[in-house]
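Visitor:
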Amino acid sequence: MRKLSIYIAASLDGYIAKPNDDLSFLQMVEKEGEDYGYADFTATIDTLIIGRKTYDYVVRELGASHYDNGERNVYVITKTPRSNTGRTTFYSGSLVELLQTLRSQPGKNIYCDGGADIIDAFLKEELIDELILSIIPVLLGGGTRLFKDGRQELLLELVNAKTFDTGLVQLHYRKKLHNDPSSVVRIP
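Residue numbering for the sequence shown is 367 to 554, as defined by my numbering.
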């Protein structure tokens with residue numbers, strides 16, 4: 367089955383954007399020649415799900431080809447329908463139905479690049495298989511929180527943790543299955 371992965375950066379205090387959807391804090395860890403494993407990660411996916419605000423920001427800053435590079439399908443989640451362009455589909459239906467449809471088709475894994483509302487919707491349905499979180503060494507004090515309150519507990523297992531000389535720490539988790547006997551903590 368195709369995996370749904372989150373690959374996202376956040377401040378140490380859990381914000382993925384400053385107020386007014388400002389992502390400028392990400393620039394503090396930019397380093398020539400360092401992509402923090404992004405190219406290796408994107409080689410494993412052929413489908414991207416992204417929120418409209420995140421999409422608009424990235425297109426404005428990096429250009430539409432950052433997402434729609436001709437090699438993957440892009441689904442932009444929006445409340446306002448737009449005309450599709452290239453391999454980019456503007457989608458306003460059910461996220462659960464979209465993911466079920468995508469998982470029923472052959473292909474590589476699926477990448478959700480935010481925003482917080484879309485990640486929260488997937489978390490509430492326990493549909494995220496792995497989460498790769500890059501922690502930026504800054505306390506923003508406000509903005510858009512990555513994780514919202516009001517969802518059930520989700521057990522994760524650590525796959526990998528990496529540190530970088532920029533101060534960025536990258537944590538890779540996968541969802542732990544509820545019926546996995548190794549997830550039970552036994553107290554002697």
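Even glycine gets a Cβ: it sits at the ideal position worked out from N, Cα and C.
How many angstroms separate the CA atom of P447 from the CA atom of D531?
Guide: For P447 and D531, the distance between alpha carbons rounds to 43 Å.
Visitor: Classify K419 as buried or exposed, calling it buried when 16 or more other Cβ atoms lie within 10 Å of its own Cβ.
Guide: With 16 or more other Cβ atoms within 10 Å, it is buried.
Visitor: What are the boundary residues of the alpha helix (DSSP H) that includes V425?
Guide: Per DSSP, V425 belongs to the alpha helix (DSSP H) from 418 to 428.
Visitor: Name the residue from N475, L468, K528, E523 whose alpha carbon lies nearest to the alpha carbon of L543.
Guide: Of N475, L468, K528, E523, the residue nearest in Cα terms is E523.
Visitor: Check this for me: beta carbons of L468 and T413, under 8 Å apart or not?
Guide: Yes, the pair counts as a contact, with Cβ atoms nearer than the cut-off.
Visitor: When you compare only the Cα positions, how much space is there between F513 and A482?
Guide: Their Cα atoms are separated by approximately 7 Å.
Visitor: Hey, L378 and I501: beta-carbon distance below 8 Å or not?
Guide: In this structure, I501 lies closer than 8 Å to L378 by Cβ.
Visitor: Please report the Cβ distance between R453 and V440, rounded to the nearest whole angstrom; I am assuming they are in contact, meaning their Cβ atoms lie under 8 Å.
Guide: Yes, R453 and V440 are in contact; Cβ-Cβ is about 6 Å, under 8 Å.
Visitor: Quick check: the Cα distance between K397 and A375, rounded to an integer number of angstroms?
Guide: K397 and A375: Cα-Cα distance of roughly 15 Å.
Visitor: Could you spell out the range, first to last residue, of the beta strand (DSSP E) harbouring K541?
Guide: 535 to 541 is the span of the beta strand (DSSP E), which, as asked, contains K541.
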